[in-house]
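Numbering-wise (the numbering used here), the sequence shown opens with residue 7 and increments by one.
C-beta atoms are modelled at their ideal positions from N, C-alpha and C, and glycine is treated no differently.
Take a look at the structure set out below.
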Amino acid sequence: MSRSRAPLGWAVIAWLMCLAVPAWSQWRPKDTEWPTYTADLAGSKYRPFDQINASNFNKLEIAWRFKTDNLGTRPEYKLEGTPLMVNGVIYTTGGTRRAVVALDAKTGELIWMHSMREGLRAAISPRQLSGRGLAFWSDGKGDDRVIYVTTGYRLVELNARNGQVIQSFGKDGIVDLKLGMVTGSGQQIDLEKGEAGLHAAPTVVNDVV
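Here you go:
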């Protein structure tokens, strides 16, 4: 198998750009929310919070903790993802199985958890652990969704309210990102052992992943 990374990378980008989700409508996040990996689509990594400033920063205390030890086959030794916060709910990936959890932002209480068991495909993946995070999408009318990529390189769309897979997305809520990927000789890569993965968080722009 060819191990050239550049052509594969551009093929993945082109494929992801073709995955459309329903219309975004007029939904806009509040200034107090963190709806995407870098805070906003401009990548500012900033929100205009006025409750926390240089004068009171040293008085902040831990409100609650959430351990991800049981979200996989073993405890994860590092967490690199950026949680999202929308409508008082924190969404994040965690654990060696890259589970998705929804937590009450005030109390830390677990609202729901989604996890896929992908067997060998995930066990030998070049992009393991919890990854960088996920994406959030809303039509502004109550249809809220969470999108992430599994360690086995599948794109999954979930109902943000209950964690259930959105059946109308892809095939039963899942798009296998390895399908259509080829080796240097033009052959379909092995769906179980083919070296392909994603550590980054997906991004939704103008209703396109």
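Backbone secondary structure at residue i - three-state DSSP
{"i": "Arg104", "result": "coil"}
{"i": "Ala207", "result": "coil"}
{"i": "Asn165", "result": "strand"}
{"i": "Phe63", "result": "helix"}
{"i": "Arg71", "result": "coil"}
{"i": "Arg138", "result": "coil"}
{"i": "Arg80", "result": "coil"}
{"i": "Leu126", "result": "helix"}
{"i": "Arg151", "result": "strand"}
{"i": "Ile58", "result": "coil"}
{"i": "Leu90", "result": "strand"}
{"i": "Leu47", "result": "coil"}
{"i": "Ala202", "result": "coil"}
{"i": "Gln173", "result": "coil"}
For residue j and residue i, the rounded distance between their alpha carbons
{"i": "Lys112", "j": "Lys199", "result": "42 Å"}
{"i": "Gly179", "j": "Asn64", "result": "44 Å"}
{"i": "Trp143", "j": "Gly192", "result": "35 Å"}
{"i": "Leu66", "j": "Leu164", "result": "33 Å"}
{"i": "Ala29", "j": "Leu183", "result": "The pLDDT assigned to Ala29 is 47, lower than 50, so where the model puts this residue is not dependable; a value taken from the coordinates is nonetheless given after this. Near 22 Å, if we compare the C-alpha coordinates of Leu183 and Ala29."}
{"i": "Thr79", "j": "Thr102", "result": "7 Å"}
{"i": "Gly169", "j": "Ala60", "result": "38 Å"}
{"i": "Glu124", "j": "Asn76", "result": "17 Å"}
Those residues which DSSP pairs with residue i across a bridge
{"i": "Asp182", "result": "Arg160"}
{"i": "Ser144", "result": "Asp150"}
{"i": "Asp110", "result": "Val95"}
{"i": "Met119", "result": "Val107"}
Where residue i falls, given that 16 or more other Cβ within 10 Å makes a residue buried
{"i": "Gly146", "result": "exposed"}
{"i": "Trp40", "result": "buried"}
{"i": "Gly158", "result": "buried"}
{"i": "Glu115", "result": "exposed"}
{"i": "Arg160", "result": "buried"}
{"i": "Ala69", "result": "exposed"}
When the Cβ atoms of the stretch 53–62 are set against those of the stretch 98–108, are three or more pairs found closer than 8 Å? They do not touch, by the three-pair rule.
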